[in-house]
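Below: the structure, in structure tokens.
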């Protein structure tokens, strides 16, 4: 697994950004893909996760504003972020597993900054 993320950047509060992350190495479908984020001096936290079959988990803090989707054929996960708030500012990390209890793979983080 080799995760390559793109997207992110600087946006004003209320704006939107999109993140995408692709596993450029696997030839088989991943079990799940997810987005985590880590703000300065805070622990890394799960933002959203989607399983190969389509079931997803969204953190309460972003529910209704963020949407996660996955293209199984491309092993790509997307995170559409709308109505962004300054508290969404963080480094966002892509995460994936080959199997349900397999090891975690991480991509390099991408910075999302929301100005007030």
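Residue numbers (the working numbering): 91 to 206.
A virtual CB, placed ideally from N, CA and C, is assigned to each residue, including glycine.
DSSP three-state call for residue 119: helix, strand or coil? Stepping through the chain shown from its first residue, residue 119 is reached at position 29. Residue 119 falls in the coil class under three-state DSSP.
According to DSSP, residue 224 sits in a beta bridge with which residue or residues? The structure shown has nothing for residue 224, since the chain only spans 91 to 206.
With C-beta atoms as the reference, is residue 108 less than 8 Å away from residue 171? By 1-based counting over the chain shown, the position of residue 108 is 18. By 1-based counting over the chain shown, the position of residue 171 is 81. Between residue 108 and residue 171, the C-beta spacing is below 8 Å.
Classify residue 163 as helix, strand or coil using the three-state DSSP reduction. On the chain shown, position 73 is the one that residue 163 refers to. Looking at residue 163 - three-state DSSP - the assignment turns out to be helix.
Tell me the rounded alpha-carbon separation between residue 105 and residue 124. Locating residue 105 in the chain shown gives position 15, counting from the first residue. Locating residue 124 in the chain shown gives position 34, counting from the first residue. Using only the alpha carbons, I get a separation of about 22 Å.
Mark residue 144 as exposed unless 16 or more other C-beta atoms lie within 10 angstroms of its C-beta, in which case mark it buried. For the purposes of this step, residue 144 is taken as residue 54 along the chain shown, with counting starting at 1. Flag for residue 144 reads exposed.
Note down, in chain order, each residue of its chain lying with its Cβ closer than 7 Å to the Cβ of residue 206, except the 5 sequence neighbours on either side. Taking the first residue of the chain shown as position 1, residue 206 is located at position 116. Cβ neighbours of residue 206 beyond the five flanking positions: 103 and 176.
Contact between the region 130-144 and the region 153-162: three or more CB pairs below 8 Å? They touch, by the three-pair rule.
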